[in-house]
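Counting the sequence shown from 1 gives a position; our numbering is that position plus 14.
C-beta atoms are modelled at their ideal positions from N, C-alpha and C, and glycine is treated no differently.
Owing to the predicted nature of the structure, the values given are computational and were not obtained by experimental measurement.
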Amino acid sequence: MGEEPEHANSRGSHSRLEGTLALREPSFTGNVASTTLVGKKVKLRPKRLQDAVTDYGWRTDTELCHLDAAPPMKNSFEEFLSDYTEQLRHPVPGLRFAIETQDGKHIGNLSLFNCDDGKKKAELGIMIGDKAYWDQGYGKDAVTTVIDYVFTQTTWQNVFLKTLDWNIRAHKCFERCGFISKGMLHYNGCDFIIMEISRQG
C-alpha cells in the first residue's frame, strides 16, 4: 500500500493541485456508490476527485497506516492523483463512500468490497482519517448507516470485517454496531479478529 512518504515532492504540488481538481473531474463509467446515505451524524456520499487531497494526507500518516496494518505511502501526490483518477473512472466492484459530517466536512472513508453475490456477503472497511472526530460516534454512525442500507436495499445476508487484535477501540465500536467475533486470522505478520453481522441477527 506504499511506504515512507516523500515530503519533498508532495507539499508544493499538494497545494498547487488542490485548486485545480474541480477542473479535472473525470467522467465516470461505473461508480457503483451512486447514492448518498444519511445517518444521524454523518453522510456517506460517492467518492470524488476532490477527496484525493485529504486521502493522500491520510495515506501518508504513520499513525493511521499503523491502524490499517500498512506502511505509509511513498508515492508523490502527482502519482497518487493519477492512480486515484483512474480508480474513479474504472472502480472495482463494491461500494466506496466518503464519510462527511452533516455540514459537509470530509472526515473519513468507508467501503464494501470482496462482494460475493453467490454467498451474499461483503467485507467492510472504514477509516476516520480526521483525528479531531475520533471517539465521538462518527464511525459508529457511519457503520450502522451502511449496514441498514445493506440489509434493506441489497440481497447480501452478511457483512464481515477484519480488525487488528490490539485495536480495542475498534472492537468495541464494531460490537456496539452489532458485529460479533467469529475467529482469528494471521496475515503478513499481524493478527486480526474477524467480525461479522448478519441480516438474521
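1) Please state whether the Cβ-Cβ distance between K55 and D155 is less than 7 Å.
2) Tell me whether H185 sits in a helix, a strand or coil according to DSSP, three-state version.
3) Check for me: the beta strand (DSSP E) holding Y201 runs from which residue to which?
4) Can you tell me whether L199 is buried or exposed? The criterion is at least 16 other CB atoms within 10 Å of its CB, across all chains shown.
5) Between the alpha carbons of S212 and N172, how many angstroms are there, rounded?
6) In the DSSP output, which residue or residues are listed as bridge partners for A112?
7) Using the C-alpha atoms, what's the distance from K88 back to I161?
8) Please confirm whether any heavy atom of the ligand FAD lies closer than 6 Å to the CB of F193.
9) Starting from the Cα of T168, find the closest Cα among L126, D205, A184 and G151 and give me that residue.
10) Output the residue ranges of the beta strand (DSSP E) runs that lie fully inside the stretch 78-111 and measure 3 residues or longer, sorted by chain position.
11) Report yes or no: is there a C-beta of chain D within less than 7 Å of the C-beta of D149?
12) Exposed or buried, which one is T159 when buried takes at least 16 other CB atoms within 10 Å?
13) Quick check: the Cα distance between S90 and Q64, rounded to an integer number of angstroms?
14) Per the contact definition of three or more C-beta pairs closer than 8 Å, is the stretch 109-122 in contact with the stretch 133-149?
15) So the alpha helix (DSSP H) G153 belongs to, where does it begin and stop?
16) Name the one or two DSSP bridge partners that N172 has.
17) Can you find at least 3 beta carbon pairs, one from the stretch 96-114 and one from the stretch 190-197, that sit closer than 8 Å?
18) Whole angstroms are fine: how far does the CA of P107 sit from the CA of E39?
19) Under the DSSP definition of a beta bridge, which residues are partnered with V67?
20) For G44 and P105, what's the separation of their Cα atoms in angstroms?
21) Cα-Cα, which of E189, A83 and V52 is closest to Q116?
Per the coordinate set shown:
1) yes
2) helix
3) I194 to Y201
4) exposed
5) 4 Å
6) R59 and N123
7) 33 Å
8) Ligands in the displayed structure: none, and consequently the ligand FAD is not present.
9) L126
10) none
11) Judged by its chain identifiers, the structure shown contains no chain D, having just a single protein chain.
12) buried
13) 16 Å
14) yes
15) Y152 to Q167
16) K135 and S212
17) no
18) Low local confidence applies: a pLDDT of 42 at E39 is under 50, so the model's placement there is unreliable, and no value is given.
19) The partner list for V67 (beta bridge, DSSP) is empty, contrary to what the question assumes.
20) With a pLDDT of 38 at G44, under the threshold of 50, the modelled position of this residue cannot be trusted; read the value that follows with caution. Approximately 7 Å, taken between the alpha carbons.
21) V52
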